[in-house]
Amino acid sequence: MKKISDKKSEDYHTHFNEPNNNLIYNLGEKRNLIFSERDIVASGFEASINMIFSDGKIDLTKMKPPINSRSFKINLMFSDTKINIPEELPVLVKINTIFSDVKEPKNREVSFGGYDYVTKSFVDGQPYIEVRIQAFFSDIKIIPEKEF
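For the sequence shown, my numbering gives the first residue as 235, with consecutive numbering after it.
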């Protein structure tokens with residue numbers, strides 16, 4: 235077994251902690267919007283997307299079909315958000331709201347409590363992407379890809 239010298243160890247450690255190195259950052263990335271207006275294109279590998287006092291669109295259409303089921307969170311506080319969801323990907327959206335207005339494609343509105351929405355390609359028992367939305371005092375509109 236070859237021992238790594240202190241210099242190589244420092245180089246290795248420094249490389250993975252550089253601000254421009256996206257390798258580790260992207261695996262569990264958090265995207266935070268605070269007091270801003272911006273659109274986000276999600277990969278589906280984010281740990282969470284947080285919007286506080288913000289307006290914007292979250293585009294999920296660039297996500298790849300899942301090999302294994304995976305999930306990520308969208309946390310909204312005092313925000314106005316449109317979420318674009320592709321119908322050809324198996325997506326389960328779990329919505330939990332408190333004093334929020336959620337409008338989804340089937341013209342159902344949710345203001346308080348929980349609700350689940352699935353895309354047309356969702357098949358129970360097959361890999362899917364779970365999007366967990368926690369909304370507090372926010373307006374959310376879930377839009378199928380073709381209408382975005």
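A virtual CB, placed ideally from N, CA and C, is assigned to each residue, including glycine.
Separation of residue 266 from residue 288, as counted between CA atoms: Within the sequence shown, numbered from 1, the residue matching residue 288 stands at position 54. Within the sequence shown, numbered from 1, the residue matching residue 266 stands at position 32. Spanning the two alpha carbons is a distance of roughly 10 Å.
Proximity to residue 338 [Cα-Cα], best of 370, 378, 294, 324: By 1-based counting over the sequence shown, the position of residue 338 is 104. Scanning 370, 378, 294, 324 for the CA closest to the CA of residue 338 turns up 378.
Cβ-Cβ distance between residue 276 and residue 297 below 8 Å: Position 42 of the sequence shown, counted from the first residue, corresponds to residue 276. Position 63 of the sequence shown, counted from the first residue, corresponds to residue 297. A contact, by the Cβ cut-off of 8 Å.
Contained beta strand (DSSP E) runs [length at least 3] in the segment 344-370, N- to C-terminal order: 347-352, 363-370
Beta-carbon contacts of residue 370 that lie in its chain and below 8 Å, excluding the five residues immediately before and after: Counted from its first residue, the sequence shown places residue 370 at position 136. 310, 311, 312, 331, 332, 333, 334.
Candidates 347, 376, 273, of which the one nearest residue 341 by Cα: As a first step, residue 341 must be located in the sequence shown, where it is residue number 107. Out of 347, 376, 273, 376 has the C-alpha closest to the C-alpha of residue 341.
Sequence-distant residues of the same chain with beta carbon closer than 7 Å to residue 269, five excluded per side: On the sequence shown, residue 269 is found 35 positions in, with the first residue counted as 1. Excluding sequence neighbours, residue 269 sits near 287, 288.
Distance between residue 307 and residue 283 (C-alpha atoms, nearest Å): Against the sequence shown, residue 283 aligns to sequence position 49. Against the sequence shown, residue 307 aligns to sequence position 73. For residue 283 and residue 307, the distance between alpha carbons rounds to 6 Å.
Residue 351 vs residue 329 beta-carbon contact at 8 Å: The sequence position of residue 351 within the sequence shown is 117, counting from 1. The sequence position of residue 329 within the sequence shown is 95, counting from 1. Yes; because the gap between Cβ atoms is below 8 Å, this pair is in contact.
Cβ shell of residue 336 (< 6 Å), same chain only, five flanking positions each side left out: The residue labelled residue 336 in the question sits at position 102 within the sequence shown. Answer for residue 336: 329, 344, 374, listed in chain order.
Buried or exposed (CB count within 10 angstroms, at least 16 for buried), residue 255: Here the question's residue 255 lines up with position 21 in the sequence shown. Low local confidence applies: a pLDDT of 42 at residue 255 is under 50, so the model's placement there is unreliable, with the coordinate-based value given in what follows. Exposed, since its Cβ has fewer than 16 Cβ neighbours within 10 Å.
Burial state of residue 292 (16 or more Cβ within 10 Å): Locating residue 292 in the sequence shown gives position 58, where the first residue counts as 1. By the 10 Å Cβ count, residue 292 comes out buried.
Buried versus exposed, by CB contacts within 10 Å (16 or more), residue 301: By 1-based counting over the sequence shown, the position of residue 301 is 67. Exposed.
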